[in-house]
Amino acid sequence: MDKAKVINFTKKYTMIIALVLVTMFFFIKTGGKILWPQNVSNLISQNAYVFVLASGMLFCILTGGNIDLSIGSVVCFVGSIGATMMETKGLNFVVSIIIMIIFGLLIGAWQGFWIAYVRIPPFIVTLAGMLVFRGLSNVVLQGQTVPLTNQTYIKLFGGGADCYVPDIFGMKGFNLTCMLFGILICSIYILLQCKSRINKTRKGYETEALHTMLLKVIVICLAILAFFFRLSQ
């Protein structure tokens, strides 16, 4: 591998390399405790909302560099509606989730209307939305915290699940279903890589060396399996 390829690889995967190095540093410093199943589970549950928000924000950025400043306030407002429905009104958590999704869609359509049809800049529309929906959240909650007591909801969405995959095999000390889920992800990834290579070869496109592809697939699959193995314990 020549110098140019090394530089290009480093630029392309800078964040992944940095993440691996930081993880390795704290893994050594903590004696491996940072990758304990409970710690990994906590990282997922405590940052799950960030993954969801980032996924939505990605589409905003892809549509011409737009930005949504109201996303945090909208989540707060929709969440306050759901919590109030479940705890104050005694509504079923499934119905509450459906109501929250509907409110989220309506808010997105409302702000999208002003941006797409009235041609108001996204920055202005979402800035107004940030202030409006943050205020409406306080109105719905009446300035108080609403604790959630629905155990099913907490188990599914509040970080109370083990590996977030129900253990249908009922093995003690090891979630086999979770491990099989990791194997399924690896299988899908391998199939997609093989299909992509076959299509590129068929169309005459340049493809990476076979040994490079195999090494990449093996490393990624091992990382996925190790991750799910830790979660399964």
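Numbering-wise (full-length UniProt numbering), the sequence shown opens with residue 1 and increments by one.
For glycine and all other residues, C-beta sits at the position ideal for the given N, C-alpha and C.
Fair warning: this is a prediction, and the values are worked out from it, not measured in the lab.
- Ranking Val132, Thr145, Lys5 and Val217 by CA distance to the CA of Ala83 puts Thr145 first.
- Residue burial annotation: Cys76 is buried, with at least 16 other C-beta atoms found within 10 angstroms of its C-beta.
- Burial check for Leu210: the Cβ neighbour count within 10 Å stays below 16, so the residue is exposed.
- The DSSP assignment places complete alpha helix (DSSP H) segments of no fewer than 4 residues inside the region 74–137 at 93–116, in order along the chain.
- Each of Leu192, Leu214, Met86 and Asn175 was checked against the Cα of Pro37, and the nearest Cα belongs to Asn175.
- One thing to note: Gly182 has its Cβ within 8 Å of the Cβ of Phe228.
- A straight-line Cα-Cα distance of about 35 Å links Ser137 and Met15.
- The region 120–135 and the region 54–68 touch, with three or more beta-carbon pairs separated by less than 8 Å.
- Under the three-state reduction of DSSP, Thr10 is assigned to helix.
- Judged by DSSP secondary structure, Ile198 falls within the alpha helix (DSSP H) whose first and last residues are Leu176 to Arg202.
- DSSP, read as helix, strand or coil, puts Tyr205 in coil.
- A straight line joining the alpha-carbon of Ile61 with that of Phe26 spans about 33 Å.
- Residue burial is scored here from C-beta neighbours: Ile198 has fewer than 16 other C-beta atoms within 10 angstroms and is therefore classed as exposed.
- DSSP, read as helix, strand or coil, puts Gln38 in helix.
- Contact annotation: Met86 and Leu148 have beta-carbon atoms nearer than 8 Å.
- Leu231 sits in a helix when the DSSP states are folded into three classes.
- Secondary structure of Gly64 (DSSP, three-state): coil.
- Counting only the Cα atoms, Ile154 lies some 16 Å from Thr88.
- Taking a 10 Å sphere around the C-beta of Thr30, we find fewer than 16 other C-beta atoms and assign the residue as exposed.
- Closest in alpha carbon position to Ser96, among Ile107, Gly104, Gly108 and Ile81, is Ile81.
- Restricting attention to Ala18, Ile185, Arg202 and Thr201, the CA atom closest to the CA of Ile224 is found in Ile185.
- Cβ neighbours of Val140 within its own chain (closer than 8 Å, five residues either side excluded): Phe77, Ser80, Ile81 and Thr84.
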